[in-house]
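Undergrad: Shown below is the structure under consideration.
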Amino acid sequence: MRDGRRLKIRRSLELDLRRAIAEEQLELYYQPIIDLATEQIVSCEALMRWRHPDRGMVSPVDFIALAEEMGLIMQMGEWALRAACTAAKSWPENVKVAVNLSAVQFKGTDLVGSVIDALERSGLPAERLELEVTESLLLDQDPKTLQLLHLLQHLGVRIALDDFGTGYSSLSYLRSFPFDKIKIDQTFVRDVPQREDCAAIVSAVAQLAKSLNMRTVAEGVETTEHLAKVRASGCTQAQGYLFSRPVPAADIVRVISDCNRRLKDAA
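Throughout, the numbering used here is defined as the position within the sequence shown, counted from one, plus 8.
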């Protein structure tokens, strides 16, 4: 009975997800990323949300994997890329937008073409777009992956390695892949104040990134203690609820202004 109910819920979600794409129920929320040297917002990460008419806000955990299984992730990813670039065009010129790419989307038919299309439609300069990929992308060590990363960087787009430390990549890959930024997963950052091993890992990654001329973002910074620790570890940027929760597109310009003013006053 329980399995049958689960299957029914899944089928209902599948139908609803197709309808969500057609009826534009998907939204992008944005979370600021702070430069720890200037104490200013330098980027905002675009995070997909689904505003279901009956269920309310549906977590990405509940629909991203489903979208991949249904073959919808490419369509959703292209929409997110276009929407994020369009939104960022109205932001201050020194603020970039970061967009997550799934492995399916990264290895799709024409990612470079989709990126060029999104930039041209929006008028956003390529250097203001950051694309975030996860460690799973590096698993097969496919030369085409490296080639595609280089092509994207040649456009002027920045590339970030997301959730570093949760996957399977070797540190040696960082010498071969042209990442501009490493985002240290929040599972390490969260325990930095209490656990010396987590603090040591964050510090080691930050120092390695510095030696490779890459920036480091500490994800999941929620307290002033977190902030002090990741700053002392050598991280160059930080992201988390201490600065701002993800906010709707309509609010992000105000949040950027308010957050920058608050950070400047606190410095």
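Think of the CB as a built atom: it goes at the ideal place given N, C-alpha and C, for glycine as much as any other residue. These numbers come from a predicted model, not from an experiment.
Kindly list the residues whose CB is nearer than 7 Å to the CB of G131, restricted to its own chain and excluding five residues on each side of it in sequence; keep chain order.
TA: On the sequence shown, residue 131 is found 123 positions in, with the first residue counted as 1. Closer than 7 Å at the Cβ level, and outside the excluded window around G131, lie K97.
Undergrad: In angstroms, rounded to a whole number, what distance separates the CA positions of I209 and G64?
TA: Within the sequence shown, the letter at position 201 stands for residue 209. Within the sequence shown, the letter at position 56 stands for residue 64. Distance between the alpha carbons of I209 and G64: 38 Å.
Undergrad: Quick one, are the C-beta atoms of Q39 and G85 less than 7 Å apart?
TA: Counting from one through the sequence shown, the residue named residue 39 turns up at place 31. Counting from one through the sequence shown, the residue named residue 85 turns up at place 77. Result no, Cβ atoms of Q39 and G85 do not sit closer than 7 Å.
Undergrad: Within a Cβ cutoff of 6 Å, which residues of the same chain sit near M9, ignoring the five residues on either side of it in sequence?
TA: The residue given as residue 9 occupies position 1 in the sequence shown. Confidence in M9 is poor, its pLDDT being 47 and thus under 50, which makes the residue's placement too unreliable to answer from.
Undergrad: Name, in chain order, the residues that DSSP records as bridge partners for L169.
TA: To locate residue 169, count along the sequence shown from 1; it is residue 161. In DSSP, L169 forms a bridge with V141 and I190.
Undergrad: In three-state terms, what does DSSP make of T224?
TA: Numbered from 1 along the sequence shown, position 216 holds the residue referred to as residue 224. T224: strand per DSSP, three-state reduction.
Undergrad: Identify which residue in Q194, P256, V238 and R203 has its Cα closest to the Cα of A92.
TA: Working through the sequence shown from its first residue, we reach residue 92 at position 84. Considering only alpha carbons, the answer is P256.
Undergrad: Taking the continuous beta strand (DSSP E) assigned at R136, which residues delimit it?
TA: Position 128 of the sequence shown, counted from the start, is the residue given in the question as residue 136. Counting along the chain, R136 falls outside any beta strand (DSSP E), and DSSP gives it neither H nor E.
Undergrad: Could you pull out every unbroken alpha helix (DSSP H) segment of at least 4 residues lying fully inside the segment 57-131, listed in chain order?
TA: For the segment 57-131, whole alpha helix (DSSP H) runs of length 4 or above, ordered along the chain, are 68-77, 81-96, 111-114 and 119-130.
Undergrad: With a 10 Å radius around its C-beta and 16 neighbouring C-beta atoms as the bar for buried, classify R136 as buried or exposed.
TA: Sequence index remark: in the sequence shown, residue 136 carries index 128 (1-based). Result: buried.
Undergrad: Span of the alpha helix (DSSP H) holding D43?
TA: If you number the sequence shown from 1, residue 43 lands on position 35. Taken as a continuous stretch (DSSP letters only), D43 belongs to no alpha helix (DSSP H), being part of the beta strand (DSSP E) at L34 to D43.
Undergrad: For G228, count the other beta carbons within 10 Å of its own beta carbon; 16 or more makes it buried, fewer makes it exposed. Which is it?
TA: Here residue 228 is taken as the residue at index 220 of the sequence shown, counted from 1. The residue in question, G228, is buried, as its Cβ has 16 or more Cβ neighbours within 10 Å.
Undergrad: Compare the Cα-Cα distances from L25 to each of E76, L182 and Y249 and report the closest residue.
TA: On the sequence shown, position 17 is the one that residue 25 refers to. Closest option to L25, Cα to Cα, is E76.
Undergrad: By Cβ distance, which residues of its chain are closer than 7 Å to Q194, with the 5 residues on each side in sequence left out?
TA: Along the sequence shown, read from residue 1 onward, the residue named residue 194 stands at position 186. Answer for Q194: E227 and G228, listed in chain order.
Undergrad: Taking Q83 as the reference, give the member of V103, A95 and L109 with the closest Cα.
TA: As a working note, residue 83 is residue 75 in the sequence shown. Of the listed residues, the one whose Cα sits closest to Q83 is L109.
Undergrad: Given that a residue counts as buried once 16 or more other Cβ atoms are within 10 Å of its Cβ, and exposed if not, what is K16?
TA: For this step, residue 16 is matched to residue 8 along the sequence shown. Classification of K16: exposed, given that the 10 Å Cβ count is below 16.
Undergrad: Would you list the one or two residues that DSSP bridges to C5?
TA: The first residue shown for the chain is 9 and the last is 275, placing residue 5 beyond what the model contains.
Undergrad: When the Cα of D199 is compared with those of R183, V225, V238 and S184, which residue comes out closest?
TA: Indexing the sequence shown from 1 puts residue 199 at position 191. It is V238 whose Cα lies nearest to the Cα of D199.
Undergrad: Classify S252 as buried or exposed, calling it buried when 16 or more other Cβ atoms lie within 10 Å of its own Cβ.
TA: Counting from 1 along the sequence shown, the entry for residue 252 is found at position 244. It is buried - the Cβ of S252 has at least 16 other Cβ atoms within 10 Å.
Undergrad: Leaving aside the five residues before and after I264 along the sequence, list all residues of the same chain whose C-beta is less than 8 Å from its C-beta, in chain order.
TA: As a working mapping, residue 264 is identified with position 256 in the sequence shown. Correct list, in chain order: P40, I49, C52, W99, P100 and V103.
Undergrad: Out of L220, D188, F196 and W87, which one is the CA nearest neighbour of A30?
TA: As a working mapping, residue 30 is identified with position 22 in the sequence shown. Answer by Cα proximity: W87.
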